[in-house]
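Novice:
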Amino acid sequence: MLTIERLSINEKLNEALSHIDEQGRFLSLTIDVHSINSIDYFASRTDLKGERFYWSSANGEITFVGLGYANQFYSTDSAERYQTIEQALEDQKQQMVHLQDEQITGTGAVYFGGFSFFNERHHSEWHDFPVNQFVLPKRLLTVKNDEQYLSLNLWIEPSDSLDDVSTMIQAELDQINAVQPIEKNTMNFTQINDELTYDQWESLINNAVEEITDGKLDKVVLAREVEALFEEQIPVEQVLNALLEQQERSYIFVMENNNQAFIGATPERLVEVNRGELQSACLAGTTSRGQTVDEDEWKALELLKDDKNLEEHQYVVKMIKDSVSPLCDTLSIPSQPMIRKLSKIQHLFTPVSGSLKESVTIFDALKALHPTPALGGEPRQEAMNFIQRNEPLERGWYAAPIGWIDEELNGEFAVAIRSALLTGHKARLFAGCGIVSDSDPKAEYDETNLKFSPMLGALGGYIDDHE
Ligand SMILES: C=C(O[C@@H]1C=C(C(=O)O)C=C[C@H]1O)C(=O)O
Ligand SMILES: [Mg+2]
Numbered sequence: 075m076l077t078i079e080r081l082s083i084n085e086k087l088n089e090a091l092s093h094i095d096e097q098g099r100f101l102s103l104t105i106d107v108h109s110i111n112s113i114d115y116f117a118s119r120t121d122l123k124g125e126r127f128y129w130s131s132a133n134g135e136i137t138f139v140g141l142g143y144a145n146q147f148y149s150t151d152s153a154e155r156y157q158t159i160e161q162a163l164e165d166q167k168q169q170m171v172h173l174q175d176e177q178i179t180g181t182g183a184v185y186f187g188g189f190s191f192f193n194e195r196h197h198s199e200w201h202d203f204p205v206n207q208f209v210l211p212k213r214l215l216t217v218k219n220d221e222q223y224l225s226l227n228l229w230i231e232p233s234d235s236l237d238d239v240s241t242m243i244q245a246e247l248d249q250i251n252a253v254q255p256i257e258k259n260t261m262n263f264t265q266i267n268d269e270l271t272y273d274q275w276e277s278l279i280n281n282a283v284e285e286i287t288d289g290k291l292d293k294v295v296l297a298r299e300v301e302a303l304f305e306e307q308i309p310v311e312q313v314l315n316a317l318l319e320q321q322e323r324s325y326i327f328v329m330e331n332n333n334q335a336f337i338g339a340t341p342e343r344l345v346e347v348n349r350g351e352l353q354s355a356c357l358a359g360t361t362s363r364g365q366t367v368d369e370d371e372w373k374a375l376e377l378l379k380d381d382k383n384l385e386e387h388q389y390v391v392k393m394i395k396d397s398v399s400p401l402c403d404t405l406s407i408p409s410q411p412m413i414r415k416l417s418k419i420q421h422l423f424t425p426v427s428g429s430l431k432e433s434v435t436i437f438d439a440l441k442a443l444h445p446t447p448a449l450g451g452e453p454r455q456e457a458m459n460f461i462q463r464n465e466p467l468e469r470g471w472y473a474a475p476i477g478w479i480d481e482e483l484n485g486e487f488a489v490a491i492r493s494a495l496l497t498g499h500k501a502r503l504f505a506g507c508g509i510v511s512d513s514d515p516k517a518e519y520d521e522t523n524l525k526f527s528p529m530l531g532a533l534g535g536y537i538d539d540h541e
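Each residue of the sequence shown is one higher than the last, beginning at 75 in the numbering used here.
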C-alpha cells in the first residue's frame with residue numbers, strides 16, 4: 075500500500091503552497107513508487123485516451139508513461155521552432171513550484187513531444203499533429219534501472235488547501251495501487267493497401283538516380299506508405315504491447331493527440347544529452363537477418379563490405395561529424411561502422427559521442443542534426459526539395475525527432491521511423507530507404523518491405539515481397 079509520509083511531505087507542501095500566487099501555478103512533485111508495470115499503467119487509463127504517451131529507450135535505461143496533458147507547447151512553422159520551444163520551456167520553468175530541492179534526471183517536469191519532418195505544415199492526414207508539440211504530463215511514471223518514480227504536475231489554485239492537494243496526491247497513489255495487468259488481445263487488419271504501385275515506385279527511384287547521376291544530388295531518402303484497415307478502432311495499448319514484446323534494441327514510442335496516435339519502434343538515436351555529454355548515431359545501410367546463425371553472420375559481413383551501403387552510410391557520418399563538431403569541445407567517432415542487429419533487420423552503425431560546449435543545448439543539437447542524410451539526403455536542401463516535389467506522401471512526424479526533455483535540458487530524441495499513424499480503424503505505415511547512384515528500384519522496394527515489418531508485426535500481419 076502506498077501512502078505519503080504525511081508529516082514530512084505536509085511541511086514541504088505547506089512551504090510549496092505559500093508560493094502559489096493569485097493566478098495559480100503548477101506544482102511539480104515526485105514520489106518513489108514500487109512494482110508498477112509501465113504497460114499496465116498506460117493501459118489503465120483508457121479514459122485519458124488522446125492524452126497519453128509512452129517511451130522506452132533502446133538501451134532499456136529509461137521508460138516513461140505520461141497520462142493526461144497538464145500543459146502543451148507549440149511553435150510556428152519555421153526554422154526557429156527549436157528555439158521557440160526552448161524559450162517556452164524556460165518560461166514554464168520559471169512558473170513552476172517544485173516540492174523537491176533536487177531533481178532526479180527524467181523526473182518532475184519532463185516534457186515529451188516532437189517535430190514534423192518539414193518545418194512547414196501542409197498536412198491533412200496528420201490533422202491532430204501540429205508542426206511541433208511538447209506536453210507536460212499531469213502524471214508521469216519514470217522507470218530508471220530498478221527505481222520507479224511517479225511525478226505529478228498539478229495545477230494549483232490559490233484557494234486549494236493543503237488537504238485538497240494531499241487528497242489529489244493520495245487519489246493518484248490509490249489509482250496506481252488499483253492498476254490491473256493488461257488483457258492481451260490478438261488483432262489483425264482485414265485489408266492492406268499500397269499507396270504506390272510498384273511501377274510508380276520504380277519511376278520515382280529512377281528519377282532520383284537520374285538526378286544523382288546528373289550531379290544534382292549525392293543521396294536522397296525516399297519513403298512509401300501502406301494503409302492497413304481494421305474492422306474496429308485500433309487498440310493503441312495492444313499495438314504498444316506487441317511492439318514491446320517483439321522488438322529489441324529499439325526506442326518504443328507512442329504519442330496520442332485527440333483521435334490520432336503516432337507509434338513506432340525505431341532503432342535510431344538522433345541525440346541524447348546527459349549533463350553536457352552528447353550521444354548521437356549514424357545508422358544507414360541495411361540487410362535482413364539470416365535464418366541461421368551462419369547466414370546471419372554472412373549477411374553482416376557482406377553488409378560491412380558492400381560499397382553501395384557503405385556509401386549510404388558515409389554521407390551520414392560526414393554530415394553528423396560536420397554538424398556536431400562546432401557544438402562540441404571533444405568528439406569521438408570510430409572510423410569504421412559496426413553492425414546493429416534488430417529483430418528482423420541489421421544496419422551499419424557508427425556511434426558518436428562528445429562533450430557539448432558550455433552554452434550549447436539539446437535544442438541546438440536538434441536544429442543542427444535534423445534531418446541527417448539517413449532521412450533527408452545530401453546536400454540537405456536539394457534533397458529536401460526533391461522529397462517535397464516527388465514523394466507522394468505526407469511525412470508528418472515520420473522520420474523526424476521525437477523524445478523527451480527535463481527542466482535541466484537533459485533528454486533524448488529518436489528518429490521516428492518504423493512507425494505508423496493510427497486514426498480510428500486505419501493505420502498508415504511508413505518506410506523509406508537511402509537512394510544513391512547505384513540504387514536498384516527492386517532492391518530498395520524490398521528494403522522498405524523489410525522496414526515495414528516491425529509495425530506490421532505489431533498490427534498482426536506481414537506483407538509479401540513484390541514478385
Ligand atoms: C528511412 C528509414 O530508415 C533509414 C534508412 C536506412 C537505409 O536506407 O539503409 C537505414 C536506417 C534508417 O536511417 C525507414 O526505416 O523508414
Ligand atoms: Mg538503405
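Backbone N, C-alpha and C fix where the C-beta goes; we use that ideal spot for every residue, glycine too.
From the beta carbon of ASP175, is the nearest beta carbon of chain D less than 7 Å away?
Specialist: Going by chain labels, chain D is absent from the structure shown, which holds only one protein chain.
Novice: Quick one: any contact between the stretch 438-445 and the stretch 364-382, if contact means 3 or more CB pairs under 8 Å?
Specialist: Output reads no: the stretch 364-382 does not touch the stretch 438-445.
Novice: Within the present structure, is the beta-carbon of CYS507 separated from the nearest heavy atom of ligand 2 by less than 6 Å?
Specialist: Under cutoff, so the answer is yes.
Novice: Pull up the CB-CB distance for ALA117 and ILE256, whole angstroms please, since I reckon it's below 8 Å.
Specialist: Right, their Cβ atoms sit about 4 Å apart.
Novice: If you run the structure through DSSP and keep just helix, strand and coil, what is GLU257?
Specialist: Residue state, collapsed to three classes: coil.
Novice: Taking only the alpha-carbon atoms, compute the straight-line gap between ALA90 and LEU163 and give it to the nearest angstrom.
Specialist: Distance between the alpha carbons of ALA90 and LEU163: 21 Å.
Novice: Under 6 Å: does the beta carbon of THR497 sit that close to some heavy atom of ligand 1?
Specialist: No - ligand 1 has no heavy atom lying nearer than 6 Å to the Cβ of THR497.
Novice: Taking C-alpha atoms, which residue in GLU486, GLN420, VAL398, THR446 lies nearest to LYS431?
Specialist: The candidate whose alpha carbon is nearest that of LYS431 is VAL398.
Novice: Would you mind sorting ARG414 into buried or exposed? The rule is 16 or more other CB atoms within 10 Å of its CB.
Specialist: Buried.
Novice: Considering only the alpha carbon of each residue, which of CYS356, THR361, LEU449 lies closest to LYS392?
Specialist: With distances taken between Cα atoms, LYS392 lies closest to CYS356.
Novice: Going by the C-beta, is GLY359 closer than 6 Å to any heavy atom of ligand 1?
Specialist: Correct: GLY359 has its Cβ closer than 6 Å to ligand 1.
Novice: Excluding the five sequence neighbours on either side, which residues of its own chain have a C-beta within less than 8 Å of the C-beta of PRO408, listed in chain order?
Specialist: So the list reads THR424, PRO425, once near-sequence residues are dropped.
Novice: Quick one: does the C-beta of GLU322 sit closer than 6 Å to a heavy atom of ligand 2?
Specialist: No, the beta carbon of GLU322 sits no closer than 6 Å to any heavy atom of ligand 2.
Novice: I'd like to confirm the pairing. Which residues does DSSP put opposite PRO425 in its beta bridges?
Specialist: The partner list for PRO425 (beta bridge, DSSP) reads ALA355.
Novice: Going by alpha carbons, who is nearest to ARG343 out of ALA335, LEU352, ILE337, PHE336?
Specialist: The shortest C-alpha separation from ARG343 is found at LEU352.
Novice: Check whether the stretch 164-173 and the stretch 119-139 are in contact - that is, three or more C-beta pairs closer than 8 Å.
Specialist: No contact exists between the stretch 164-173 and the stretch 119-139.
Novice: Return yes when at least one heavy atom of ligand 1 lies under 6 Å from the C-beta of LYS373, else no.
Specialist: Answer for LYS373: no, Cβ out of range of ligand 1.
Novice: Bridge partners for GLN404 per DSSP, in chain order?
Specialist: Note on residue identity: the sequence assigns Thr, not Gln, to residue 404. The partner list for THR404 (beta bridge, DSSP) reads SER429.
Novice: Does GLY531 come out as helix, strand or coil in the three-state DSSP assignment?
Specialist: It is helical.
Novice: My understanding is that SER493 touches PHE336, with C-beta atoms under 8 Å, so please give their C-beta distance in whole angstroms.
Specialist: At roughly 7 Å, the Cβ-Cβ gap stays under 8 Å, so SER493 and PHE336 are in contact.
Novice: Just to confirm, are VAL347 and LEU401 a CB contact at a threshold of 7 Å?
Specialist: Not closer than 7 Å, so no.
Novice: If the criterion is Cβ atoms closer than 7 Å, does the pair GLY188 and VAL209 meet it?
Specialist: It is not a contact, given that the beta carbons lie outside the stated cut-off.
Novice: Check whether the Cβ of ILE337 sits closer than 6 Å to any heavy atom of ligand 1, and report yes or no.
Specialist: Because no heavy atom of ligand 1 lies under 6 Å away, the Cβ of ILE337 does not count as near it: no.
Novice: Please report the distance separating the alpha-carbon of GLN169 from that of SER427.
Specialist: Answer to the nearest angstrom: the Cα atoms are 34 Å apart.
Novice: Could you give the DSSP three-state label for ILE509: helix, strand or coil?
Specialist: In the structure shown, ILE509 sits in a strand (DSSP, three-state: E or B).
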